[in-house]
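Number 198 in the UniProt record's numbering belongs to position 198 of the sequence shown; there are no gaps in the numbering.
The beta-carbon is built from N, C-alpha and C at its ideal position, and this holds for glycine as well.
Predicted model, so just to flag it, every value in this text is computed and none were measured.
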Amino acid sequence: DTDTDTVLMFFNFAVISSQRTPFPGWIENLNGPSGVIVGAGKGVLHVLSCGGGQRADLLPVDLAIDTLLAAAWETAVDDLRETRVYNCSTCSNPITWGQFRSYMLSGVRAHPLDNALWYPYGLIIEGTMMQKLLETVLQTTPLYLIHYVSKMCGMKARPSLSTVSNRLQAMNEALKFFALREWHFNTDNVQRLKQRLSPADAAVFNLDTSTIDWTEVCTDFVKGTRKYLLQEKDEDVEQAQRRMHMLHMMHNATKLFLSIMLCRLAMRTTPAILRAIASLIRLRRKNTMLHTM
1 DTDTDTVLMF
11 FNFAVISSQR
21 TPFPGWIENL
31 NGPSGVIVGA
41 GKGVLHVLSC
51 GGGQRADLLP
61 VDLAIDTLLA
71 AAWETAVDDL
81 RETRVYNCST
91 CSNPITWGQF
101 RSYMLSGVRA
111 HPLDNALWYP
121 YGLIIEGTMM
131 QKLLETVLQT
141 TPLYLIHYVS
151 KMCGMKARPS
161 LSTVSNRLQA
171 MNEALKFFAL
181 REWHFNTDNV
191 QRLKQRLSPA
201 DAAVFNLDTS
211 TIDWTEVCTD
221 FVKGTRKYLL
231 QEKDEDVEQA
241 QRRMHMLHMM
251 HNATKLFLSI
261 MLCRLAMRTT
271 PAILRAIASL
281 IRLRRKNTML
291 HTM
């Protein structure tokens, strides 16, 4: 009953791991950006549909919770009868999807996840057709190929790589709507609330997005995903780093092999292409001469 109840509306875009509370990097949800880190860190996600220059309105979960609690306090104290809207956004201290990709890849290479399938690399693509093509070539086809080879060798993975591929495609589709658009929110109520807090309250409830150091937060995000979400042990990091070094060498060797094959293909096909172009030019000249006679 809006005549007797005080109502507030609180919005935030996408939450990531905590900045400081209860621990830096704490996360327990696999959806959204944390799913991207797991997919990239395990070496199975290589193509993401988003705009590299678009602002990614990511927000540490503890900052979102602190803002919500402070907003609830203000709503109760003011005893308003109209609905007040609090938009919690990092628009004053933004990070782009391109920057998030760079920080994320640096993080999963420096702090690798256990049992990675391939060396972490990733492309961000805006065009739907190009994204689908690259996703098929770089991600879906290799996963299905490894899935069937492993199946023939009697090796079983849980979940299966075909299931992983389907989940990655579904995640890409879910993120696409938000990641290809830039959203702008009016944060006046949150900014006013921040100024209203006493120094003692401000020390406990962090509403200030300018305190976010994105390099540090994204590094903690990767480390927290490894420790809290996947529950991988710290003593296994050295083994994961050795595996990452091996995967890096395999990745570079594969790129070198493909580059050599493409060069050989180009060397074989270029003369034929040039002859075809020359024939077309001669044919066009003949047609031009016939028309002028």
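When you compare each of the options to residue i by their alpha carbons, which one comes out closest?
i	options	result
residue 205	69, 185, 91, 127	69
residue 249	122, 118, 263, 212	118
residue 139	114, 167, 199	167
residue 218	88, 188, 104	104
residue 255	23, 121, 180, 45	121
residue 92	251, 190, 288	190
residue 24	214, 235, 252, 261	214
residue 160	148, 199, 226, 169	148
residue 238	110, 259, 146	110
residue 51	36, 88, 125	125
residue 165	193, 135, 246	135
residue 162	145, 201, 84, 86	145
residue 37	270, 224, 269, 88	224
Use the C-beta contact count for residue i: other C-beta atoms within 10 angstroms, 16 or more gives buried, fewer gives exposed.
i	result
residue 1	With a pLDDT of only 46 at residue 1, under 50, the local geometry of the prediction cannot be trusted, and no value is derived from it.
residue 279	exposed
residue 184	exposed
residue 263	exposed
residue 240	buried
residue 45	buried
residue 179	buried
residue 259	exposed
residue 78	exposed
residue 107	buried
residue 283	exposed
residue 231	exposed
residue 234	exposed
residue 281	exposed
residue 195	exposed
residue 156	exposed
residue 192	exposed
Which partner residues does residue i have in the DSSP bridge list?
i	result
residue 9	85
residue 15	59
residue 49	125
residue 96	55
Does the Cβ-Cβ distance between residue i and residue j come in under 8 Å?
i	j	result
residue 216	residue 55	no
residue 66	residue 207	yes
residue 123	residue 47	yes
residue 42	residue 116	yes
residue 17	residue 61	yes
residue 112	residue 243	yes
residue 63	residue 209	yes
residue 14	residue 39	no
residue 28	residue 197	no
residue 21	residue 212	no
residue 87	residue 187	yes
residue 169	residue 49	no
Any Cβ of chain D within less than 8 Å of the Cβ of residue i?
i	result
residue 209	Among the protein chains of the structure shown there is no chain D, as only one such chain exists.
At least 3 beta-carbon pairs within less than 8 Å: the region 7-20 vs the region 69-82: yes
The region 83-103 in contact with the region 55-65 per 3-pair CB rule at 8 Å: yes
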